[in-house]
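Residues in the sequence shown are numbered from 609 upward in steps of one, following our numbering.
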Amino acid sequence: MNIYDSEKIITILENKGLKQNEDIENADLIVFNTCNIRDKAAHKLYSDIGRVNKYKKEKTIAVVGCVAQAESYEMFNKNKSIDIILGPQSYHLLPQMIDDLKLKPKQVNTDFIINEKFDYLAEQKRKQGISSYLTIQEGCDKFCSFCVVPYTRGPEYSRPLQSLVDEVSSLTENGAREIVLLGQNVNAFNISHNGRKITIADLIEEISKNKNVKRIRYTTSHPINMRDDLIKLHSTNDKLMPFLHLPVQSGSSKILKKMNRKYDTDFYLKIIDKLKAVNPEIEISSDFIIGYPGETESDFKQTLDLVDKIKFTQSFSFIYSSRPGTKSALEIDKTPLHIKKERLSILQEKLKDIQFEFNKNFIRKNVDVLIENQSSSNPEYFFGRTPFMQSVYIKAQKITPGEVKTVNILTCNHKNLYASC
Ligand code: SAH
Ligand code: SF4
């Protein structure tokens, strides 16, 4: 989502007449788009600001995103060179705030004016790649005990249908062939249109009508919002890819309850069974939090068992990070860091092995790859993705980005597939 937001911010600023400058030394304005989900990212920000400070005296520094939302005015005390602090739900105000610096040297806005933001952004034409993100939903009402998102991004909000359909048309006119629907809980998308309730499944059907859209994905989904209409669509809609990011966080129902995830492992397994029943091809990826307060060796073992059962083909896993203001920040955490690190590395090794085994299945087989680009450093190579999100590097004379090409896989490692055609 931050990549999508950064692209939008670039577009807004370009429409104001600014030019993107890859060279930090000469930039007049530096925008830090920040993530507050774990402690490390938030801390890194201050060392990053320190690093760019030496380049140029006369420049403006804006900090936008979730750290700005969470820390607000406090940031001015931590670093004197910050000029603008702007939360993620009002960054359409950035051009005005830059102008207002002439009147008042320090500017702050952390309001939740999300519908106004999307109205404004919908008018800003955005250039994107073959695979393009489209935010359809933002915010979260679920309040998992460890998570800052409900506080930094605000309550769940879904964008109106017409503005989404229009944005898809604009993206495909600019070359997009894959649309990745985005949201903190993307499958909680829910709007009323002409008196009818529209779910994410209805939206996917609507977007499929656009002839230029070849592939559709959605991320990130919450297990409790995996409704039957969406599950069924995985068997009936050819444009919907057979790959789903469905974070489980832990394999222990005891920990899931403490996390306030609102499901247990049985519930999660049933969803996977339902998905496999409608489409046996479907592959799953997940997020894991290791070392949540109170996680015992046995809880961790249950996470490993779940991984063995589901065989997630890609995943993100991190050590629990205590975030100020969340419920779990008050919990007593007795597990030493070295144990958490050990558990994380055991889990990551297992996930890596499963991913490698999965990739090996493709060797000497044909697979459909949506070609995204040609390597700029080595023009003989093209990059694309399989339906299961695997990265494929293809040696070829000429392929046009945007094409879905059937290629024969020669070799692989745990991260990538390699092909020629
Ligand atoms: N809404 C999605 C996830 C959004 S946050 C869901 O509920 O699945 C993205 C990921 O960051 C989460 O899945 C979680 O694994 C991780 N995360 C969030 N807060 C964290 C914390 N305090 N410590 C470690 N990881 C965290
Ligand atoms: Fe955070 Fe996701 Fe839980 Fe919402 S559902 S609080 S975004 S982890």
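Here a beta-carbon is modelled for each residue, glycine too, at the ideal position from N, C-alpha and C. Just so it is clear, the structure is predicted and the values come from calculations on it, not from any experiment.
Backbone secondary structure at residue i - three-state DSSP
i	result
Thr760	helix
Ala670	strand
Asp976	strand
Lys1013	strand
Arg825	strand
Glu630	coil
Phe996	coil
Leu694	strand
Phe720	coil
Asp881	helix
Arg646	coil
His842	helix
Glu786	strand
Gln736	coil
Lys686	helix
Lys942	coil
Leu711	coil
Arg659	helix
Lys773	The question names Lys, but residue 773 in the sequence shown is Val. The answer is helix: DSSP assigns Val773 an H, G or I state.
The ligand SAH heavy atom lying under 7 Å from the CB of residue i
i	result
Gln857	yes
His828	Just to set this straight, residue 828 is Thr in the shown sequence, not His. Yes, the beta carbon of Thr828 sits closer than 7 Å to at least one heavy atom of the ligand SAH.
Tyr928	yes
Asp895	yes
Ile645	yes
Arg761	no
Arg951	no
Arg931	yes
Of the listed residues the options, nearest to residue i (C-alpha basis)
i	options	result
Ser953	Ser925, Ile979, Phe966 and Arg972	Ser925
Lys1006	Lys624, Pro768, Tyr989 and Ser843	Tyr989
Ile832	Pro888, Asp749 and Lys1003	Asp749
Gly695	Ser984, Asn644 and Asn818	Asn644
Glu1011	Asn623, Ile879, Gly737 and Phe875	Gly737
Glu679	Ala650, Tyr699 and Lys878	Ala650
His946	Glu980, Leu959, Phe970 and Ile898	Ile898
Val977	Phe991, Lys958 and Pro850	Phe991
Tyr900	Cys1029, Val757, Ser929 and Asn967	Ser929
Leu790	Asn782, Ile812 and Glu781	Ile812
Lys817	Asn798, Ser800, Ile787 and Ser843	Ile787
Cys1029	Tyr1001, Cys1020 and Glu622	Tyr1001
Cys752	Asn793, Ile892, Asp613 and Lys1003	Asn793
Ile706	Asp872, Val672, Tyr681 and Leu848	Val672
Val716	Gln677, Tyr759, Thr743 and Leu955	Gln677
Glu905	Ser893, Asp874 and Lys948	Lys948
First and last residue of the uninterrupted beta strand (DSSP E) at residue i
i	result
Thr619	Taken as a continuous stretch (DSSP letters only), Thr619 belongs to no beta strand (DSSP E), being part of the alpha helix (DSSP H) at Asn610 to Asn623.
Tyr1026	Asn1024 to Ser1028
Glu891	Glu891 to Ile898
Ser753	Where Ser753 is concerned, there is no enclosing beta strand (DSSP E), given that its DSSP letter is neither H nor E.
Ile863	Looking at the DSSP string, Ile863 is not in any beta strand (DSSP E); the run it does join, the alpha helix (DSSP H), is Ser861 to Lys866.
Ser1063	Only positions 609 to 1029 of the chain appear in the structure, and residue 1063 is not among them; the question remains open.
Leu852	Phe851 to His853
Opening and closing residue of the alpha helix (DSSP H) in which residue i lies
i	result
Ile744	From DSSP, Ile744 is part of no alpha helix (DSSP H); its letter is neither H nor E.
Ile962	Leu945 to Lys968
Ile1034	In the structure as shown, the chain begins at 609 and stops at 1029. Residue 1034 is therefore absent and cannot be evaluated.
Ile706	Leu702 to Asp708
Ser800	Run containing Ser800: none in the alpha helix (DSSP H); it sits in the beta strand (DSSP E), Asn798 to His801.
Phe908	Glu905 to Ile918
Considering only heavy atoms of the ligand SF4, list every residue whose Cβ is less than 6 Å from one of them, following chain order. Cys748, Lys750, Phe751, Cys752, Cys755, Val757, Pro758, Gln792, Asn793 and His830
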